[in-house]
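Residues in the sequence shown are numbered from 35 upward in steps of one, following our numbering.
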Amino acid sequence: MLDPDYLTIANGVFLDKAFVLRDDYVDKARVYMNAEVKSLDFAGNSANGVSEINNWVEQKTDGKISNIFEPDTIDRKTVLVLASAVYFQNAWKKKFTSTKNASFCLTPTKHIDVEMMHQIGHFRYHKDENYKFSAVELPYKAGGFEMLIILPDRSDGLNDLENAFLKNSKNFAHLQGNLTVHDVTLDIPKFKFESSVSLVKTMEKLGCTEIFTSSADFSYISTSGVGKLKVSDIKHKAFVNIDENGTEAPGVTGTNLVYFSSEHFPKDIKAVKFHACHPFLFIIKKNTNIIFMGRLSNPNAYCLRIELLADVSRYAMENTANIHYTALTSNYSFTLFKELSSSVEGNVFASTYSIQFLLLLLAFGSKSKTNDQLKSVLHLSKDKPPNYENIKAITTKIEIPGYLTVANGIFSDKAFSLSTDYTKNTQKYLNSEVRSVDFSGNPTSGELEINKWVNNKTNGKISGIFKPGDIDKDTVLVLASAVHFQNVWKQQFTETKKSSFCLSATKHIDITMMHQTGHFNYYKDNHNKFSAVEIPYKVGGFEMLIILPDKMDAVKDLENGFLKSAKNYAYLLGNMTIHNVELDIPKFKFESDLNLEKTMEKLALTREKKYINDNQALSRLGCTDMFSPSADFSELSKSAPGKLRVSSIKHKAFVDVNEDGTEAAAVTGANIVNYNLEYVLTNIKTVKFHACHPFLFIIKKEKDIIFMGRLSNPNA
């Protein structure tokens, strides 16, 4: 996601007024790249075209880049110019307050005087003995961005470092995984420079040669210029300014940049106590992606089930369909969980990640108002088609076989004809398994087959999601999503003891409490009256976030207040810092079973009461039509338009938290999730990072690189 206050991207398509673009090219450029399309008179007045494009670039880069095109680079033969401008500006999380003159080594024998910025603080750092460099990561104040500086040990070792370290992206991944928080004495020079380069030779070295020749095929751009279009040049111009306050870095090319988010790092290590001895909320997540959310009211209870099954039936009869979809937005997760938990007393556990997949499977097969409502619940735009490739990429990045696995199943009656497009798209983007079952002839056998599939996909933790009678001869389709998560703590709890847990201000029970002291991300919120701690798992960057209200009977107040807006969640994550935490949390294991129809229908504004029945869960979120005869699932099957509706949605989830780690499973129709958490330090070491000779630097978000550079001379 782009944050327009810190990183903005603008894409421009400039064409000669006599040149005709294909409509589908224009549509894709606007929808997926948010591109501006402008018609110019290159043939009649190329100088004016140069001026207009340069002005566009200058405006998009806040005046930092001008004249990317020289007067003679665009002439009357030019029919199309594609431009992309990127502008980044951000302040350091911790500003440099000390600057002094110091020496910078251009080579072992040549030195210059520069302004060197200085500070001491906690930064992620790594010393690589193999490639002979040290690296430090400097966080920016907003948006989860960092600058990574890679400093070779030798003052003349930069070329060797580039040739060896940059040869394989695995080296970068290894570096990322080995950065740990140190107490760093940091010196880096102020610098500001501009770079301008033609990318033609670089592209050719990378094997992209044909685009510059008469053999180029750009027939998807225009049908009027087939065989006559080729790329004449690719220019890139970039500017960077690094000072005590932060970084300004615009760039312009024929291509664009994308960024992600990264974690927040601490300025101080403080000692705190986190004694979870009364009800609390907890979240299992990866970065900001929420996989599970839960409320623990009683560690000893083994009572609640959350069922999520969506039944699609013929002729408005009830049937089941499940959708599993990644938690792309915390808005969706918070809204859904708040509605789920509002009607339930005691423990609650749900995989919002799995439920999203179920809803996405339904969205794939729906049209018109039904599709709009599903998109609204999923927080997807109604005005443009979802970026399914991006969704697939995100889920692929989150899921790790053996730790978090997801399975989606489509079970159709043998007499029911699924749309070819629906089958193809759900297999391509959701890795769905498609099976033919004899619901009409033997519904009991179909029920057993789906329950067996769920049991297998959840490692035996969830069985019998469908009860006798849930599936009958009118069932035509069942969509199921199963997710399973299993991981060990990064630092296991080695001490357990009997302790008291407050169910309310007046009622207490004895439970088994796990204890450890260590460095964890922690935050105390005095406004919303809670404290929060983030406990990392060993593999895959997963964490458990526990949110503990100050008052022992305030967990529902916390749900009604804190969960009202996802901004509260973003604020919490952005303000967590590493503390030395004395941690006590209870062992707990329970199962949760809920009908989601009630959640979806609470806000039933468009349906008549006679169709609401008990399907109130999803309608509370505004998703009402899919339960009624008004449902439009014509994309599921061309043979039964107007005859399909959702009869019920169930979600069933299981969680086991103990000294070793966590196992969690969920079925939305059949859905299980498994996660891992990020590395958290246990030792704070003191090092010096004195960048007094040439180095590489990277501006990135999480693992995604936005800018890369080499500084050879800060004064050049």
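All residues carry an ideal CB built from backbone N, CA and C; glycine is no exception.
If you compare the alpha carbons of F252, E379 and A198 with that of L537, the shortest gap goes to E379. Distances from the CA of K462 to each of V488, G178 and I425 were compared; the closest alpha carbon is that of I425. Fewer than three beta-carbon pairs drawn from the segment 516–532 and the segment 594–605 are found closer than 8 Å, and the two stretches are therefore not classed as touching. Between the C-alpha atoms of S479 and A665 there is a straight-line separation of about 28 Å. Looking at the DSSP output, W523 shares a beta bridge with Y571. DSSP places I255 in the coil class of the three-state scheme, outside both helix and strand. Rounded to the nearest whole angstrom, the CA to CA distance from T611 to V512 is 45 Å.
Taking C-beta separations shorter than 7 Å and ignoring five residues to either side along the sequence, the partners of N82 in its chain run D75, following chain order.
The beta strand (DSSP E) runs of length 3 or more contained entirely in the segment 536–622 are, from start to end of the chain, 542–559, 564–570, 576–583 and 611–620.
In the DSSP assignment, F398 falls within the alpha helix (DSSP H) that extends over T386 to F398. Counting C-beta pairs with one atom in each stretch, the segment 464–475 and the segment 545–563 have fewer than three that are closer than 8 Å, which means they do not touch. Counting C-beta atoms within 10 angstroms of its own C-beta, I569 has 16 or more neighbours from the protein chains shown and is therefore classed as buried.
The secondary-structure analysis by DSSP pairs H216 across a beta bridge with F157. By the Cβ neighbour-count rule, T696 is buried, with 16 or more other Cβ atoms within 10 Å of its own.
T509 and K403 have their alpha carbons spaced roughly 23 Å apart. Under the Cβ criterion (8 Å, minimum of three pairs), the segment 249–256 counts as touching the segment 49–63. Residue pairing for E171: DSSP places it in a beta bridge opposite R158 and L182.
The beta carbon of T133 lies closer than 8 Å to those of E149, M150, M151, H152, K224 and E278 in the same chain, with the five residues before and after it left out. In this structure, V120 lies away from F48, with their beta-carbon atoms at least 7 Å apart.
In the three-state scheme derived from DSSP, where H, G and I count as helix and E and B as strand, I268 is classed as coil. Cβ contact annotation for Q526 (same chain, cutoff 7 Å, sequence separation greater than five): E693 and D694, in chain order. As computed with DSSP, V148 is found in a beta bridge with A136. Looking only at I108, N465, L209 and T429, the smallest Cα-Cα distance to G443 is reached by N465.
Under the three-state reduction of DSSP output, R469 falls in the strand class. Here I581 is near F564, since their CB atoms are less than 7 Å apart. DSSP lists no bridge partner for P502. Sixteen is the threshold: since fewer than 16 other Cβ atoms of the shown chains lie within 10 Å of the Cβ of Q93, the residue is exposed. Here the C-alpha atom of D251 lies approximately 19 Å from the C-alpha atom of D50. In the DSSP secondary-structure assignment, K458 is not bridged to any residue.
Around the CB of S266, fewer than 16 other CB atoms lie within 10 Å, so the residue is classed as exposed. A441 counts as buried, since at least 16 other C-beta atoms from the protein chains shown sit within 10 angstroms of its C-beta. Under the three-pair Cβ rule at 8 Å, the segment 160–170 counts as touching the segment 190–199. The C-alpha of L393 is placed about 40 Å away from the C-alpha of D544. When DSSP assignments are scanned along the segment 67–102, the uninterrupted stretches of beta strand (DSSP E) that are 3 or more residues long and fall wholly within it turn out to be 70–74.
Setting aside the 5 residues that flank it on each side, S73 is surrounded in the same chain by L49 and K51, each with a C-beta closer than 7 Å to its C-beta; the list follows chain order.
Between N88 and N101, the C-beta gap is smaller than 7 Å, which places the two residues in contact.
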